[in-house]
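In my numbering, the protein residues as written are 2 to 376.
For glycine and all other residues, C-beta sits at the position ideal for the given N, C-alpha and C.
Here the structure comes first, spelled out in structure tokens, and everything after it is commentary.
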Amino acid sequence: MAVAVEHADQVLLAACGARTSPTTGLFEAPSQDTVLRVLAKLSAASLDETVGAHLSGRVRRVHGERPDPDDPAGPDGNGQPAHAGRAGRRREQRAARRAFAADGKALRGAARDGTRTYLLSVATHDEGVVVAQHEIGEKTNEVPALVPLLTALNAYQPLAGAVITVDAGHTVRAHGRAIRALGAHFVFTVKLNTPALNADCEAAADWNNLPVEHAAETHGHGREELRTIRRAPATAEIRARHPGARTVALIERYATHTVHKGKGARRVTQTVTTAVSVFVITSLELDEVTAEELAGYVKGHWAIESKVHYVRDVTYREDASQVRTGDLPRIMATLRNTAISLIRLAGHKAIKPTIRRLKHDTALLLNVLGLKHPA
């Protein structure tokens with residue numbers, strides 16, 4: 002990173018507001034020591050908040066949304082003509098509904114005094130843009146840290162009407178209440194870590210006789226997958242455990258892949274099929290979300306893993322980082338999130354090839370950063 006800064010050309014330095022040399026009149030790049038000194042003096046919490054607010058605004062602009070989501074968008078304050086009916090408003094709300102995934106990640110190489118730095122983040126489903134991040138220490142503290150993180154995010158990215166997805170560890174009543182208090186909806190995965198709720202979901206309907214409402218096939222990585230979903234209204238038993246729950250769904254995944262056993266003449270090729278089922282509860286009513294949309298929210302939750310955490314590990318080799326001083330581990334993670342997010346917001350899906358191009362293409366770098374080319 003520092004080498005790239007030291008070798009920045011005059012166009013980039015001008016766009017970034019670098020100072021000029023009193024002797025040569027040329028723009029001067031900051032030295033490696035200056036960069037490290039500045040990073041060491043930053044407040045990691047303030048940086049996360051500032052970067053999150055900026056990226057959140059960039060996401061809204063990409064989607065053509067109003068800069069201030071609280072401004073009324075139409076005569077009735079909902080972006081609707083005054084005569085629009087309930088069905089019309091629900092179609093518009095559904096089309097505008099944003100989805101955010103929350104998940105944690107440890108910085109494995111940044112252990113201090115035997116304690117790892119652990120970060121809980123929130124990212125958009127569509128782009129994989131990280132819009133909020135808090136440090137929470139060890140993973141055992143992830144669950145109680147979710148509500149403060151969402152509350153902080155709501156200050157600059159109003160969550161009213163949005164969908165929040167989390168992994169099964171966060172399927173607790175307090176989180177459902179907090180998310181609904183923010184005006185957002187939850188989509189919770191139910192697994193055997195909540196056995197009573199899992200049993201209630203299983204008893205909510207005669208699932209074998211309910212029709213499959215949506216099925217999706219995917220092919221890749223040497224396997225084929227079929228995902229199906231069936232829905233039913235949340236029963237009184239489910240709502241007693243999660244008062245905000247309105248719909249329960251059964252998602253089944255069938256994966257088929259080819260395996261090879263033995264060697265030489267004894268080599269045998271077999272096709273293996275595995276089946277996994279999971280229940281989902283959501284605060285959305287049956288008529289507020291289609292089966293396809295609900296399946297999309299569940300699948301979209303893993304964008305934070307595949308589009309953010311995986312890229313930080315593989316492309317940036319985050320777990321190999323030995324940075325341990327002060328807030329620097331968290332700050333470096335924030336900078337990686339920022340780079341990934343800006344590249345995706347500029348329309349580039351392949352992160353690693355784009356990073357290679359950015360080293361030699363000043364115009365592309367300015368575009369990704371959102372800076373104007375100096376005259």
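Residue i, buried or exposed, once every other Cβ within 10 Å from all chains shown has been counted against 16
i	result
Asp-72	Annotation note: pLDDT 39 at Asp-72 (below 50); position unreliable, coordinate value reported separately. Exposed, because fewer than 16 other Cβ atoms sit within 10 Å of the Cβ of Asp-72.
Gly-26	exposed
Val-52	buried
Lys-106	buried
Asn-209	exposed
Leu-14	buried
Gln-134	buried
Asp-288	exposed
Glu-128	buried
His-310	buried
Ala-103	buried
Asp-10	exposed
Ala-246	buried
Gly-65	exposed
Arg-268	exposed
Arg-242	buried
Gly-176	The question names Gly, yet the displayed sequence has His at residue 176. Looking at its Cβ environment, which holds 16 or more other Cβ atoms inside 10 Å, His-176 is buried.
Asp-168	buried
Asp-201	buried
Thr-195	buried
Glu-319	buried
Arg-99	buried
Under 9 Å between C-beta atoms of residue i and residue j
i	j	result
Ala-206	Leu-251	yes
Ile-352	Ile-344	yes
Asp-328	Leu-108	no
Thr-219	Thr-190	no
Phe-28	Arg-38	no
Thr-283	Val-290	yes
Ala-124	Glu-50	no
Val-279	Lys-350	no
Ala-16	Leu-370	yes
Ile-341	Val-131	yes
Glu-225	Glu-293	no
Ser-22	Gln-158	no
Leu-211	Ala-233	yes
Thr-355	Val-12	no
Thr-1	Ala-30	Nothing about residue 1 can be reported from this structure: the residues present for the chain run from 2 to 376 only.
Alpha-carbon spacing of residue i relative to residue j, whole angstroms
i	j	result
Ala-334	Leu-372	23 Å
Ala-185	Leu-151	10 Å
Ile-165	Ala-216	23 Å
His-126	Arg-313	17 Å
Gly-80	His-258	Bear in mind that a pLDDT of 37 at Gly-80, under 50, signals an unreliable position, so the model cannot answer this.
Asn-199	Thr-248	14 Å
Ser-307	Glu-286	29 Å
Tyr-119	Val-281	27 Å
Lys-300	Ile-230	12 Å
Gly-18	Leu-147	37 Å
Asp-34	Ala-321	22 Å
Leu-227	His-302	18 Å
Leu-346	Ala-161	23 Å
Asn-338	Ile-137	17 Å
Leu-366	Pro-375	13 Å
Val-188	Arg-357	38 Å
Thr-316	Thr-270	34 Å
Ala-54	Leu-359	24 Å
For residue i, the three-state DSSP class (helix, strand or coil)
i	result
Glu-286	coil
Arg-313	helix
Val-39	helix
Leu-160	coil
Arg-331	helix
Glu-143	helix
Glu-253	strand
Leu-121	strand
Thr-166	strand
Gly-297	helix
Leu-372	coil
Lys-192	coil
Arg-92	Because the pLDDT at Arg-92 is just 45, under 50, the model does not fix this residue reliably, and the point stays unresolved.
His-55	helix
Gly-184	coil
Val-273	strand
Glu-66	coil
Glu-50	helix
Asp-362	coil
Gln-134	strand
Arg-99	coil
Gly-105	strand
Thr-339	helix
Lys-350	coil
Could you name each continuous alpha helix (DSSP H) segment of 4 residues or more that falls completely within the region 194 to 248, going from the start of the chain to the end?
If we require 4 residues or more, the alpha helix (DSSP H) runs fully inside the region 194 to 248 come out as 196 to 203, 237 to 242.
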